[in-house]
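Participant:
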Amino acid sequence: MTKRVLEVSDLKKHFPIRGGLLGGTVGYVYAVDGVSFHIDQGETLSLVGESGCGKSTVGKSVLRLFPLTSGQVVLNGKRIDDMSTGTLRPLRRQIQVVFQDPFSSLNPRLRVREILAEPIRNFGLANSEAEIDEKVGQLMDKVRLPRDAVNRWPHEFSGGQRQRICIARALAAEPDIIVCDEAVSALDVSVKAQIVNLLQDLQAELGLAMLFISHDLAIVEHMTHRVAVMYLGQIVEVADRKQLFGAPRHPYTEALLSAVPVPMPGAARERIVLQGDVPSPIKPPPGCRFHTRCPYAFDRCRKEVPRLQDNGAGHQAACHLHDLPAEQNPLLNKAPPTAFRAA
Amino acid sequence: MSEMDNRPMLLEVDNLQTHFRTMDGVNRAVDGVSFHVRSGETLAIVGESGCGKSVTAMSILRLIPEPPGKIAGAIRFQGKDLLKASDREMRDIRGNEISMIFQEPMTSLNPVLTNGQQIGETLRLHQGMSAQQAEARAIEMLKLVGIPEPERRVREYPHQLSGGMRQRVMIAIALACNPKLLIADEPTTALDVTIQAQILDLMRDLKTSVGAAIVIITHDLGVVAEVAERVVVMYAGRKVEEARVGDLFRTPRHPYTQGLLGSVPKLGSSLTGETTRLAEIPGLVPSLKQRIPGCVFATRCPKVTELCRAVPPALQEKAPGHIAACHYAEVEGVAAA
């Protein structure tokens, strides 16, 4: 039986907008508005979506980097959303993070050894300096950096190497789950492949759970088990990788997949180009939030909010089209947007 | 070449060398790069950060400050060497015959001028239009790049537009004077995928309607496959491979290109069961501050031999229209030199 590491239910995070004469709250940015998901041991769940959809806010919320508006976050069976920061402190060992920019997320005044020793010391994971040194050495092996590099400064490393240091620092706390917030997005193509392979190896070796936040759909498909697609603060579709990429059940997912340029010149496929931009999360549209850009929107979409519905095979989507008879549903009975023939 | 391209030659870059003097030696950002662009053609220059692709673009428009930069070689635009042109002549060319789109639509527009003023600026400068004429043309341009309500948008400021809309304004500015060559430096990198799809579609449409040649600089192989006719692959300041887009993706001949193509996962991989490990290119790009004696890719190449470390491979036609700089790339369909 696999262990459930993280369970999030109905998570909301609304950022107040200050303004007016007295600096009062004049509105809210509905960054995350009712998001639920879970991650098991050894599993990777990807959160995908375009900028401003709230995927990073979800990551920061489960890390408790700021207080939540409402909702529950359960880490290894313990509710952490309403915990005081003092009680939460020792539990922070269980959930660690790797950020996007390896240049700004390492302290330039600490040597690599100190960067990696900090979490070990903080959580009391070693009894002596010698033990710390040994652990730091093992971490360097794990992320495939030479052990003698521990005495160097962050600026002496390339972007990919720094991201390895960030991963080693996350592993130093011996976590159960790692949040990767666009962890490979800033890296060059060839370096990206190295880090993706490293993350996959580490997961297999250590049985880590991973919340992989990314906008790069090809990488997501390559390395995750399940995928959740976000749009304007809500999850519109969740499914296994194969289901989602093979037969998307939400028009947004379908359009997103068809918009990714593929490295196959002349590949024949149908492209759905969405019109317009993502609406503002300050004033999300009523009804289905995607209806302003959806090519299939009908009356009901403008009034009624669709709920996430399971198709019976664990594939959930929030779309009214699935209440129509199957032959009238434009999402069904067609070739997936990811299947293309090379010309 | 089997299929002759008869379109007239527009730009010829010949042995371009752009070096920068730095505190710890000369940085050979671009070191002997040659390529050409024909009228109406789309050429992509691909490579990873630091390979010299953006410096190449900046060099064409002579936007490199000298010193610390130093540009050598020849850049012939319609037969005229831009490196020998006076500053005045260059000003007449920039934004008029050759224009450029930059990566960051957020920072490359002037926040205190309206969209209309920024589009009109090039028109008034190069074509001597009056303010009224320029605004009318600006509205026309905004319509062309698909901005709704152009009459209102023309008087608005860049901060009132989204990222995708701002990039459309950038394209409108670049195309206002009907340039013969458009240089686009990572035009969609800062945009979301659905917006990227809109901009790529727009660039393809505009190419047929306006007929400008495009040099697109990118690191995204997907974008290359979608828009380019011909591709130049750069590595460590050199051109390592050049081919028509179909040939390059079908049979990459340089080990670096092969590695690059192997290291990107393809969408749809979970359906075909191709979710094996990604190919890695081990190691790092070499420092450009030291002279590299042999092949620039030798330190990371899986097929490296003593020959590669000692002798730089010449760019050679390995197949019709397909050039690569590798001692060991297979030769097909052309007489080996």
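So the sequences go chain by chain: X and G. Just so we're aligned, residue 1 is where the first sequence starts under my numbering, counting upward by one. Just so we're aligned, residue 344 is where the second sequence starts under my numbering, counting upward by one. Glycine included, every Cβ here is placed at the ideal spot set by N, Cα and C.
Against chain G, which members of the segment 218-249 of chain X pass a CB distance test of less than 7 Å?
Facilitator: A218, I219, E221, H222, R241, K242, F245 and G246
Participant: Would DSSP call S214 (chain X) helix, strand or coil?
Facilitator: strand
Participant: Exposed or buried, which one is N458 (chain G) when buried takes at least 16 other CB atoms within 10 Å?
Facilitator: buried
Participant: Can you tell me the Cα-Cα spacing of G324 (chain G) and L549 (chain G), whole angstroms?
Facilitator: Since the first residue shown for chain G is 344 and the last is 680, residue 324 (chain G) is missing from the structure and cannot be characterised.
Participant: Please list the residues of the segment 538-553 of chain G that have a C-beta atom closer than 8 Å to any C-beta atom in chain X, keeping them in chain order.
Facilitator: I538, Q539, A540, Q541, L543 and D544
Participant: How about I388 (chain G) and I560 (chain G): do their beta carbons lie closer than 8 Å?
Facilitator: yes
Participant: Please confirm if A31 (chain X) has its CB atom under 8 Å from at least one CB of chain G.
Facilitator: no
Participant: Per DSSP, which residues does L417 (chain X) bridge with? Please list them.
Facilitator: Because chain X here runs from 1 to 343, residue 417 (chain X) falls outside it and cannot be looked at.
Participant: So, is the C-beta of R64 (chain X) closer than 8 Å to a C-beta in chain G?
Facilitator: no
Participant: What are the partner residues of Q96 (chain X), as DSSP defines its beta bridges?
Facilitator: X:I178
Participant: Compute the Euclidean distance between the alpha carbons of L425 (chain G) and S402 (chain G), then round it to the nearest angstrom.
Facilitator: 10 Å
Participant: Considering S552 (chain G), what are the terminal residues of the alpha helix (DSSP H) in which it resides?
Facilitator: V536 to V553
Participant: Should N311 (chain X) be flagged as near chain G, meaning a C-beta pair shorter than 8 Å?
Facilitator: no
Participant: Are the CB atoms of G49 (chain X) and S9 (chain X) nearer to each other than 8 Å?
Facilitator: Going by C-beta atoms, G49 (chain X) is not nearer than 8 Å to S9 (chain X).
Participant: For M513 (chain G), which residues from the same chain have a beta carbon less than 6 Å from its beta carbon, with the 5 sequence-adjacent residues on both sides left out?
Facilitator: I444 and P448, listed in sequence order.
Participant: Whose C-beta lies closer than 6 Å to the C-beta of T338 (chain X) among residues of the same chain, with five residues either side of it excluded?
Facilitator: F245 and L257
Participant: Whose C-beta lies closer than 6 Å to the C-beta of P493 (chain G) among residues of the same chain, with five residues either side of it excluded?
Facilitator: Cβ neighbours of P493 (chain G) beyond the five flanking positions: I482, L485 and K486.
Participant: Where S214 (chain X) and P608 (chain G) are concerned, what is the direct C-alpha to C-alpha distance, given to the nearest angstrom?
Facilitator: 14 Å
Participant: So, does the CB of F640 (chain G) fall closer than 8 Å to a CB anywhere in chain X?
Facilitator: no
Participant: Listing by chain order, which chain X residues have their CB less than 8 Å from the CB of K609 (chain G)?
Facilitator: A218, V262, P263 and M264
Participant: Identify which residue in G:A672, G:L658 and G:Y671 has its Cα closest to the Cα of G375 (chain G).
Facilitator: G:L658
Participant: With L11 (chain X) and V35 (chain X) assumed to form a contact (beta carbons below 8 Å), what rounded beta-carbon distance in angstroms separates them?
Facilitator: 5 Å
Participant: Is R350 (chain G) near R371 (chain G), with beta carbons less than 8 Å apart?
Facilitator: no
Participant: Any idea what DSSP makes of E270 (chain X), helix, strand or coil?
Facilitator: DSSP places E270 (chain X) outside both helix and strand once states are collapsed to three, so it counts as coil.
Participant: Pull up the distance between the alpha-carbon of L106 (chain X) and that of A517 (chain G), whole angstroms please.
Facilitator: If you take the alpha carbons of L106 (chain X) and A517 (chain G), they lie about 39 Å apart.
Participant: Comparing C-alpha positions only, which one of G:P522, G:Y500 and G:V369 sits nearest to L452 (chain G)?
Facilitator: G:Y500
Participant: Where does R581 (chain G) sit, in a helix, a strand or coil, going by DSSP?
Facilitator: DSSP places R581 (chain G) in strand when its eight states are reduced to three.
Participant: Which one of G:H597, G:V576, G:A571 and G:A415 has the shortest CA to CA distance from V588 (chain G)?
Facilitator: G:A571
Participant: Look up N370 (chain G) in the DSSP assignment and give the residues it is bridged to.
Facilitator: G:F363
Participant: Flag this pair as touching only if the segment 274-290 of chain X and the segment 29-45 of chain X have three or more C-beta atom pairs under 8 Å; answer yes or no.
Facilitator: yes
Participant: Tell me whether E221 (chain X) is buried or exposed, calling it buried when 16 or more other Cβ atoms sit within 10 Å of its Cβ.
Facilitator: buried
Participant: Report the residue from X:L171, X:L199, X:G137 and X:D141 whose alpha carbon sits nearest the alpha carbon of T44 (chain X).
Facilitator: X:L199
Participant: Using a Cβ-Cβ distance under 8 Å, would A667 (chain G) count as near chain X?
Facilitator: no
Participant: For a quick check, are the C-beta atoms of P645 (chain G) and P595 (chain G) less than 8 Å apart?
Facilitator: no
Participant: For E355 (chain G), I'd like the list of residues in its chain whose CB is within less than 7 Å of its CB, leaving aside the five on either flank, ordered along the chain.
Facilitator: H379 and R419
Participant: Three-state secondary structure (DSSP) at F378 (chain G)?
Facilitator: strand
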